[in-house]
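Report on the following structure.
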DNA sequence: AAGTGGTCTAGACCACCAT
DNA sequence: TGGTGGTCTAGACCACTTT
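Protein chains in written order, with our numbering: chain A, 43 to 286; chain B, 43 to 286.
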């Protein structure tokens, strides 16, 4: 089952085969986030490759963000970098660029419901499967900036309604209490204008621009584990990219 | 003046020095877009480096998008890739993902004015310097989707008011008629709600979400050559990123 | 001092493209 | 056929970190 050996028949470059093997080990969680992996020399021996080929494979994985390396220490499994997230703005951009404090959260609702067609599709479940449906308001310095609806697989996160979630970041909880680290995510952003209910929850009194962010968060093996819809106050939202 | 030689004293890795030299040649335009550059072997000889080191330098430049390589043919200077642009969406996203036709443009205004403080700052000019100020409506299938204001250095683009710009893409004109290719760009995106004038120009009759995109386009040597503000109908705008 | 990754070399062989 | 980039090797030496 496990392709633990390199195929020297040249059907595929050796360094790309090694890339696949390493990714596979990360996916099946025998190597986990932050962990140090074997050195170049050890892997060269293990797979019968030259050090140069191993270096090349590791270089690819560093480029892809799967690994990071530190001279004199070793090679490690990365955690995902949310610095490009649309939501990140609210944590770092609103107060003028400096990293500010962790946002607060007030839970409005956390119930077990049936997934339904759309959510089931996104989370790769059956429509009749049970899910957690959470609704919360997020704040910075006690000022609300977003209303979020979250959808989680019931079987995977069974018991999360017993955990204190108020003012907590969720991904460390997924990782530490449910053995489900988030390793990458897809985000979609759409502009809209605020409706009555959102206005009330966000404490706004007239029509304002709103940023709607959808995020699908994935764990190892491209397994979708969380679907999230956020409606954020768009007043000061500004997103930046560089085109090269 | 020209750092045409590699310094072997190890103040900096040799391959990074070569990266700088190649970038410099691109910047000063002695190597231009699309052009084939010397082969690995030639460069190794020219600079007294091993082929491996040249390969590494070229690999970095491919990663950065400065070069692309084709086996059996050679190494070439790239053109920038606007596929991540916020504006690109309107060309490719609105009709359902398939590449649709080039957007049309109706010029509303094209005048020479003084830069003023803000534009001068962005375009690296003096506030009293003259600039072109253009305003145009952009359309897809004869339906307006954006109002754009553009600002261009007068000295660099002198005579552009004599060129037929209606329904033309500007960057090929900058490149071919004014020897000023756009090689990268900075974009900022902000949501807003439509005002009266925008509504009229875009043919909308009530308050709708609007996406405001600012773009600063740069030529070789990080020289800012165009500043552009676009107000786009946000109704169907959806932007996607992957976080790793 | 031992182990790590980072740089660099000089070669070999291959796949691909133009002629 | 000759030139190009793509892969791979087996070393050497260096800079950095930990023990």
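Think of the CB as a built atom: it goes at the ideal place given N, C-alpha and C, for glycine as much as any other residue.
List, in order along the chain, the chain A residues whose C-beta lies closer than 9 Å to that of residue 281 of chain B?
For this step, residue 281 of chain B is matched to residue 239 along the second chain. The answer, in chain order, is 128, 229, 230, 231, 232 and 281.
Starting from the beta carbon of residue 124 of chain A, find every residue of chain B whose beta carbon is closer than 8 Å, and list them in chain order.
By 1-based counting over the first chain, the position of residue 124 of chain A is 82. 285, listed in chain order.
Identify the continuous alpha helix (DSSP H) that holds residue 95 of chain A and give its terminal residues.
Residue mapping note: residue 95 of chain A aligns to position 53 of the first chain, counting from 1. Run containing residue 95 of chain A: 93-105, per the alpha helix (DSSP H) assignment.
Distance, Cα to Cα, residue 159 of chain A vs residue 171 of chain A?
Walking along the first chain from the start, residue 159 of chain A turns up at place 117. Walking along the first chain from the start, residue 171 of chain A turns up at place 129. The straight-line gap from Cα to Cα measures roughly 10 Å.
Around the C-beta of residue 141 of chain A, are 16 or more other C-beta atoms found within 10 angstroms, so that it is buried, or is it exposed?
Here residue 141 of chain A refers to the residue found at position 99 of the first chain. With a pLDDT of only 49 at residue 141 of chain A, under 50, the local geometry of the prediction cannot be trusted, and no value is derived from it.
Kindly list, in the order they appear in chain A, the residues whose Cβ is closer than 9 Å to that of residue 226 of chain B.
Numbered from its first residue, the second chain carries residue 226 of chain B at position 184. Correct list: 284, 285 and 286.
Flag this pair as yes or no: are the beta carbons of residue 213 of chain B and residue 205 of chain B separated by less than 8 Å?
Reading the second chain from its first residue, position 171 is the one you call residue 213 of chain B. Reading the second chain from its first residue, position 163 is the one you call residue 205 of chain B. Result no, Cβ atoms of residue 213 of chain B and residue 205 of chain B do not sit closer than 8 Å.
Quick check on this structure: which residue in A:49, A:112, A:126 and A:94 has the alpha carbon closest to the alpha carbon of residue 255 of chain A?
One-based indexing of the first chain puts residue 255 of chain A at position 213. Ranking the options by Cα distance to residue 255 of chain A, first place goes to A:126.
Just to confirm my understanding: we take residue 187 of chain B, look at its own chain, exclude 5 residues before and 5 after, and list those with CB closer than 8 Å. What are they?
Walking along the second chain from the start, residue 187 of chain B turns up at place 145. Once the five neighbours on either side are set aside, the close Cβ partners of residue 187 of chain B are 132, 136, 145, 180, 181, 244, 274 and 275.
Starting from residue 216 of chain B, trace the beta strand (DSSP E) both ways and give me its first and last residue.
Sequence index remark: in the second chain, residue 216 of chain B carries index 174 (1-based). Unbroken run through residue 216 of chain B is the alpha helix (DSSP H), 212-220; no beta strand (DSSP E).
For a contact meaning CB atoms closer than 9 Å, what does residue 105 of chain A contact in chain B?
Within the first chain, numbered from 1, the residue matching residue 105 of chain A stands at position 63. The contacting residues are 105.
Report the CB separation of residue 85 of chain A from residue 96 of chain A in whole angstroms; it is logged as a contact under 8 Å.
Taking the first residue of the first chain as position 1, residue 85 of chain A is located at position 43. Taking the first residue of the first chain as position 1, residue 96 of chain A is located at position 54. Yes, residue 85 of chain A and residue 96 of chain A are in contact; Cβ-Cβ is about 5 Å, under 8 Å.
Taking Cβ-Cβ distances shorter than 7 Å, what residues in chain A pair up with residue 276 of chain B?
Counting from 1 along the second chain, the entry for residue 276 of chain B is found at position 234. Within chain A, the residues near residue 276 of chain B are 233.
Quick one: measure Cβ to Cβ for residue 26 of chain A and residue 69 of chain A, integer angstroms, because I've assumed they're closer than 8 Å.
Because residue 26 of chain A is not part of the residues shown, which for chain A are 43 to 286, the question remains open.
Answer yes or no: does any C-beta atom of chain A fall closer than 8 Å to that of residue 48 of chain B?
Numbered from its first residue, the second chain carries residue 48 of chain B at position 6. No, residue 48 of chain B does not count as interfacial toward chain A.
Output yes if chain B places a C-beta closer than 8 Å to the C-beta of residue 253 of chain A; else output no.
In the first chain, the residue the question calls residue 253 of chain A occupies position 211. It does: the Cβ of residue 253 of chain A has a partner Cβ on chain B nearer than 8 Å.
Beta-carbon proximity of residue 253 of chain B to residue 279 of chain B, cut-off 8 Å
In the second chain, counting from the first residue as 1, residue 253 of chain B sits at position 211. In the second chain, counting from the first residue as 1, residue 279 of chain B sits at position 237. In this structure, residue 253 of chain B lies near residue 279 of chain B, with their beta-carbon atoms less than 8 Å apart.
For a test of the three-state rule: what should DSSP assign to residue 126 of chain A, helix, strand or coil?
Taking the first residue of the first chain as position 1, residue 126 of chain A is located at position 84. If DSSP states are grouped into helix, strand and coil, residue 126 of chain A belongs with the helices.
Please find out if some non-hydrogen atom of the ligand ZN comes closer than 7 Å to the beta-carbon of residue 46 of chain B.
You won't find the ligand ZN in this model; it holds no ligand whatsoever.
For residue 74 of chain B, three-class secondary structure by DSSP:
Stepping through the second chain from its first residue, residue 74 of chain B is reached at position 32. Coil, per DSSP.
Taking just the CA atoms, how far does residue 166 of chain A sit from residue 234 of chain B?
As a working note, residue 234 of chain B is residue 192 in the second chain. As a working note, residue 166 of chain A is residue 124 in the first chain. Distance between the alpha carbons of residue 234 of chain B and residue 166 of chain A: 35 Å.
Mind reading off the beta-carbon distance from residue 91 of chain A to residue 56 of chain A? Whole number of angstroms is fine, and I expect it under 8 Å.
Here residue 91 of chain A corresponds to residue number 49 of the first chain, with the count starting at 1. Here residue 56 of chain A corresponds to residue number 14 of the first chain, with the count starting at 1. That belief holds up - the Cβ atoms of residue 91 of chain A and residue 56 of chain A are roughly 6 Å apart, short of 8 Å.
Residue 49 of chain A: which of A:89, A:152, A:163 and A:285 sits nearest, CA to CA?
Within the first chain, residue 49 of chain A is the residue found at index 7, counting from 1. Taking only the C-alpha atoms, the option nearest residue 49 of chain A is A:89.
According to DSSP, residue 112 of chain A sits in a beta bridge with which residue or residues?
As a first step, residue 112 of chain A is located in the first chain; it is residue number 70 there, counting from the start. For residue 112 of chain A, which the question treats as bridged, DSSP gives the partners A:116.
In this structure, does DSSP put residue 235 of chain B in helix, strand or coil?
Taking the first residue of the second chain as 1, we reach residue 235 of chain B at position 193. Of the three classes helix, strand and coil, the one that applies to residue 235 of chain B here is strand, per DSSP.
Answer with yes or no whether the minimum CB distance from residue 202 of chain A to chain B is below 8 Å.
Stepping through the first chain from its first residue, residue 202 of chain A is reached at position 160. No, because no Cβ of chain B sits closer than 8 Å to the Cβ of residue 202 of chain A.
So the alpha helix (DSSP H) residue 174 of chain B belongs to, where does it begin and stop?
Translated into positions along the second chain, residue 174 of chain B becomes position 132. Note, residue 174 of chain B: premise wrong, no alpha helix (DSSP H); beta strand (DSSP E) at 172-182.
If you count every other CB in all the chains shown that lies within 10 Å of the CB of residue 77 of chain A, and 16 or more means buried, which is it?
Position 35 of the first chain holds residue 77 of chain A. Exposed, because fewer than 16 other Cβ atoms sit within 10 Å of the Cβ of residue 77 of chain A.
By a C-beta neighbour count over all protein chains shown, 10 Å radius and 16 as the cutoff for buried, is residue 82 of chain A buried or exposed?
Position 40 of the first chain, counted from the first residue, corresponds to residue 82 of chain A. Result: buried.
Which residues of the stretch 59-84 of chain A have a Cβ closer than 9 Å to any Cβ of chain B? Give them in chain order.
none
Say whether chain B places a C-beta atom closer than 8 Å to the C-beta of residue 258 of chain A.
By 1-based counting over the first chain, the position of residue 258 of chain A is 216. Not an interface residue.
How many whole angstroms separate the CB atoms of residue 200 of chain A and residue 175 of chain A, which I take to be in contact at a CB cut-off of 8 Å?
Walking along the first chain from the start, residue 200 of chain A turns up at place 158. Walking along the first chain from the start, residue 175 of chain A turns up at place 133. With a Cβ gap of about 14 Å, residue 200 of chain A and residue 175 of chain A do not count as contacting.
Distance CB(residue 117 of chain B)-CB(residue 75 of chain B) smaller than 8 Å:
Looking up residue 117 of chain B in the second chain gives position 75. Looking up residue 75 of chain B in the second chain gives position 33. Contact flag unset, no.
Identify the contact partners of residue 249 of chain A in chain B, using a Cβ-Cβ distance below 8 Å as the criterion.
Working through the first chain from its first residue, we reach residue 249 of chain A at position 207. Residues of chain B whose Cβ lies closer than 8 Å to the Cβ of residue 249 of chain A are, in chain order, 235 and 249.
Under a three-way DSSP split, which group does residue 153 of chain A fall into?
If you number the first chain from 1, residue 153 of chain A lands on position 111. Strand, per DSSP.
Leaving out the 5 sequence neighbours to the left and right, which residues in its chain are closer than 6 Å to residue 128 of chain A when beta-carbon positions are compared?
Here residue 128 of chain A refers to the residue found at position 86 of the first chain. Here the set comprises 229, 231 and 255.
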